[in-house]
Structure formats: C-alpha cells, structure tokens
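Chains as they are written, first to last, in the working numbering: chain A, 1 to 334; chain B, 1001 to 1087.
See the structure below:
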C-alpha cells in the first residue's frame, strides 16, 4: 500500500531523476543530507512545516496523482493541491446534483449520515461503559435523540439533532478521559488540550475523506448533510461525520489515556491551546496506525484497512446515487 | 509484497540503476534498496532494469517477503537512511 508522508521539517522538495528529493533545512539555513522518496510509493503529502517547491514538482506530482495538503501554523487546514480529476463521469455528476436538488432524496441520504454517526458514537460509549465508566445517562440521552432522526422533516432540523447528539457526546468525554477535562467543545480557537486534539483530529479525518473521494467518481463539492458552501469540499465533511467517532475520538482516548500525548505537548496560552510539533507527531503516529489496522469485512470476505473503509463508503454512496443499491452507512460491528 | 533488492553492476551503468530503483524503493545502503511494492510495479521495475543491465556481467537479486512483519531488520553501526514517513 502506498504511504502518506508527513513533512514537519522545513526544506526543499524537488523533482530529481523522475522521483522526489527532499533536502531538509535547519534553523540556521544549513541544508541537511538529501532524502529520496520513491514516487511509486507515495499516496499523498501532508505539509506542516514550510516547504519550498517549484511548479516542475507540482507538474510531476499532478501526473502521478499525488495530492498535497497544507496546514498553517495553528494547524488549520488551509487547502490542497488537488491533481486533475482522473475519474471523470458526467453521469455521476448529474445524478449527484439531482439527488442534492430534490429535497426528499437529499434528506434520505443526510439521515443515513447522521444515523451512521450516532450509531458509531453510541458504540464508543458502550465500549467504555463496559470498561467501568458510568455513561448510562449519556447513552440514554443519545439513544433518545437518535430515535428522532427518522422523524426529522428537513435538513436544519436534522442538523439540530446532530448538534445535540454531539453536545451530549462531548459531555461524556470527561468521564472517559482519565486526567484531562473537555469542559464542552470550544473551537476557533480551542481553549484546552482535549479541544485542541479534537480540532486537529477532525481536520485530519476531513482531509482523509477528501483524499479518498478523489479516488472515486464523486464530486467532493456536492454534499447532502452539510450545505455546499463556497471554497470547500463539503461532501468530505458529510463522510467524515461517520468516521470521526471511530478514527479520531478513539485515537484521542488512546493517546491521552496511555499518556502518549501529555500536557507538555501543548502550547498553552491565555485564550488558546495549540498542539506542539511533538504532540502532532504523536497523534499522527497513532492515527496512522489506526488507519492501517485491518479488519475482516463481513460482506467482502477479506481484510480491509480502516482507510479503505472510507473509500468503500464513497462507493456505496455512488451506488445509491446511480440507483444500484440503497446506501447504508458504515456501522462498526465489532 | 515487501522486497529487498541488491545489485552488482558495472561502474558505467550503476548510476542509471540507482536512479531507476529510487523511483520504486527506498535506498538503504549502496546498491541496496527495500520497500513495499506491488507485483505489477515490481515487474515494471525489473523490465526497466533489464534494459540497463548487461546480463552477462551484471547481477540483480531480489529477496521477497509477503509482508514487512515477517522480516526482522537489525542495523549494526551507522543507519544510512531510516525509512520514517515523518520528514
């Protein structure tokens, strides 16, 4: 399987002998030993440090279908270099739009997303309930809210239910985490360590979904649950919704409870908390491990990684849109 | 599939071989590469390699392993290149 490369060190990436050459640069501007990366083994690049590159490199990356994702100093996702679409399908585009325009059809898909998300959230809580945390109150509350999804008559109503589920879910975080408190969700900027991790993790999940959509015929700008806005790939937000509890939240519980990420990995300021480089690396390492973990798929009867599950989700959605098989969201079954 | 590739090639052709292998696998030592590669990509690499080699003089050996986990790697002395994906 192709690998994702994470660039933290500042340096210069260039095309050399039809492959990638990376020269790290240290604080005083001295160049380190160059490192060659096999182009055939790269799936995408995540760019956290400052990267020097020229258009020749981007042409080369584009030809090889490698996208580059950029993040600013405050670890916000700022954008991607997205190579030319290589799986074009007019029919899919038209159908995707048609499903968006019809309020009834759109609501069907949107509900599935929320159902999938709430199911996976409940599964997370049950896991910790079985490990001696007292989460009965949250389980009941979210169960009740999840029952209302079916009755939602429009998208804003559905988003409201989704918001309430998340709010109660985040309340449960304080019982799951041993030494850290969440104290409610705060973003832009996050106000404590847990919130900083949630923001960072969600953004990683969103980027992952975007990347997987790229390898299908779906158009990432036409979404169902979220409003398709300007300048953003909202379908990635829809799909991320289902996978956030499984990929991001589980990883957060792990890194904090196992002390893989500690308070010293955060830069704590008066009104904002951001992850230091050490924290980002530790989180990404755990996240990457999770993505490459495989499970035996029940219907496909073979081992698939968590990363591949995201792509399978896109396939299921395309089948729904093309009227081949109705979409059922991914529900964790183990 | 996880492979280790080693070659012993005439001085005049060795540079070409290095450049070719860099596209597919990670360099770990002079004339030694390793990495994850698919069946098809390996065939592609080998057919390109044959074009460079003089088969009567040069040699190229590939050690195949189904998965990286069936391989223990020990480094004694200097590790010339670690294969981390964090740069």
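Using N, Cα and C, we set each Cβ at its ideal position, and we do this for glycine too. Owing to the predicted nature of the structure, the values given are computational and were not obtained by experimental measurement.
For residue i, list the residues DSSP reports as bridge partners.
i: residue 257 of chain A; result: Answer by DSSP bridge pairing: none, since residue 257 of chain A is not bridged.
i: residue 70 of chain A; result: A:47 and A:79
i: residue 342 of chain A; result: Because chain A is modelled from 1 through 334, residue 342 of chain A falls outside the range shown and cannot be assessed.
i: residue 1035 of chain B; result: B:1003
i: residue 294 of chain A; result: A:305
i: residue 6 of chain A; result: A:46 and B:1086
i: residue 22 of chain A; result: A:13 and A:35
i: residue 273 of chain A; result: A:268
i: residue 1008 of chain B; result: B:1059
i: residue 1026 of chain B; result: B:1034
i: residue 1064 of chain B; result: B:1003
Is residue i buried or exposed, if buried means 16 or more other CB atoms sit within 10 Å of its CB?
i: residue 181 of chain A; result: exposed
i: residue 1035 of chain B; result: buried
i: residue 86 of chain A; result: exposed
i: residue 116 of chain A; result: buried
i: residue 1067 of chain B; result: exposed
i: residue 1047 of chain B; result: exposed
i: residue 301 of chain A; result: exposed
i: residue 201 of chain A; result: buried
i: residue 31 of chain A; result: exposed
i: residue 84 of chain A; result: exposed
i: residue 163 of chain A; result: exposed
i: residue 27 of chain A; result: exposed
i: residue 44 of chain A; result: buried
i: residue 1020 of chain B; result: buried
i: residue 1073 of chain B; result: exposed
i: residue 212 of chain A; result: buried
i: residue 11 of chain A; result: buried
i: residue 88 of chain A; result: exposed
Do you know how far the Cα of residue j is from the Cα of residue i?
i: residue 177 of chain A; j: residue 165 of chain A; result: 19 Å
i: residue 54 of chain A; j: residue 36 of chain A; result: 17 Å
i: residue 234 of chain A; j: residue 325 of chain A; result: 23 Å
i: residue 107 of chain A; j: residue 155 of chain A; result: 7 Å
i: residue 59 of chain A; j: residue 68 of chain A; result: 12 Å
i: residue 340 of chain A; j: residue 1028 of chain B; result: Limits of chain A in this structure are 1 at one end and 334 at the other, which puts residue 340 of chain A out of reach.
i: residue 285 of chain A; j: residue 1056 of chain B; result: 46 Å
i: residue 218 of chain A; j: residue 1015 of chain B; result: 43 Å
i: residue 263 of chain A; j: residue 120 of chain A; result: 28 Å
i: residue 259 of chain A; j: residue 266 of chain A; result: 13 Å
i: residue 91 of chain A; j: residue 1064 of chain B; result: 43 Å
i: residue 125 of chain A; j: residue 247 of chain A; result: 14 Å
i: residue 63 of chain A; j: residue 4 of chain A; result: 17 Å
i: residue 327 of chain A; j: residue 111 of chain A; result: 11 Å
i: residue 103 of chain A; j: residue 226 of chain A; result: 13 Å
i: residue 191 of chain A; j: residue 130 of chain A; result: 30 Å
i: residue 161 of chain A; j: residue 1 of chain A; result: 38 Å
i: residue 75 of chain A; j: residue 1087 of chain B; result: 17 Å
i: residue 1051 of chain B; j: residue 56 of chain A; result: 27 Å
i: residue 1049 of chain B; j: residue 1002 of chain B; result: 18 Å
i: residue 136 of chain A; j: residue 158 of chain A; result: 24 Å
i: residue 132 of chain A; j: residue 261 of chain A; result: 23 Å
i: residue 81 of chain A; j: residue 134 of chain A; result: 45 Å
i: residue 118 of chain A; j: residue 1030 of chain B; result: 53 Å
i: residue 128 of chain A; j: residue 15 of chain A; result: 48 Å
i: residue 1082 of chain B; j: residue 1037 of chain B; result: 18 Å
What does a CB cutoff of less than 6 Å around residue i pick up in its chain, not counting 5 residues either side in sequence?
i: residue 206 of chain A; result: 236 and 240
i: residue 194 of chain A; result: 180 and 182
i: residue 223 of chain A; result: 234, 235 and 238
i: residue 109 of chain A; result: 224
i: residue 1009 of chain B; result: 1017 and 1058
Taking 8 Å as the limit between beta carbons, can you name the residues of its chain near residue i, skipping five residues before and five after?
i: residue 8 of chain A; result: 48, 49, 277, 280 and 281
i: residue 303 of chain A; result: 294, 295, 296 and 297
i: residue 71 of chain A; result: 46, 47, 48, 77, 78 and 203
i: residue 122 of chain A; result: 139, 142, 143 and 146
i: residue 1032 of chain B; result: 1004, 1005 and 1006
i: residue 216 of chain A; result: 87, 311, 314, 315 and 318
Apart from the five residues on each side of it in sequence, which residues of its chain come closer than 7 Å, Cβ to Cβ, to residue i?
i: residue 313 of chain A; result: 239, 242 and 330
i: residue 95 of chain A; result: 321 and 322
i: residue 998 of chain B; result: Nothing can be reported for residue 998 of chain B, as the shown portion of chain B is limited to 1001 through 1087.
i: residue 97 of chain A; result: 222
i: residue 171 of chain A; result: 138
i: residue 175 of chain A; result: 133, 134 and 135
Below 8 Å, can you find three or more Cβ-Cβ pairs linking the stretch 145–154 of chain A to the stretch 262–278 of chain A? no
Spell out a yes or no on whether the stretch 251–258 of chain A and the stretch 285–302 of chain A are touching, meaning 3 or more CB-CB pairs, one atom from each, closer than 8 Å. yes
Are at least three pairs of beta-carbons, each pair with one atom in the stretch 207–223 of chain A and one in the stretch 306–320 of chain A, less than 8 Å apart? yes
Counting pairs of beta carbons, one from the stretch 32–46 of chain A and one from the stretch 14–21 of chain A, are three or more of them closer than 8 Å? yes
Three or more C-beta pairs closer than 8 Å, one from the stretch 1018–1026 of chain B and one from the stretch 1037–1051 of chain B: is that the case here? yes
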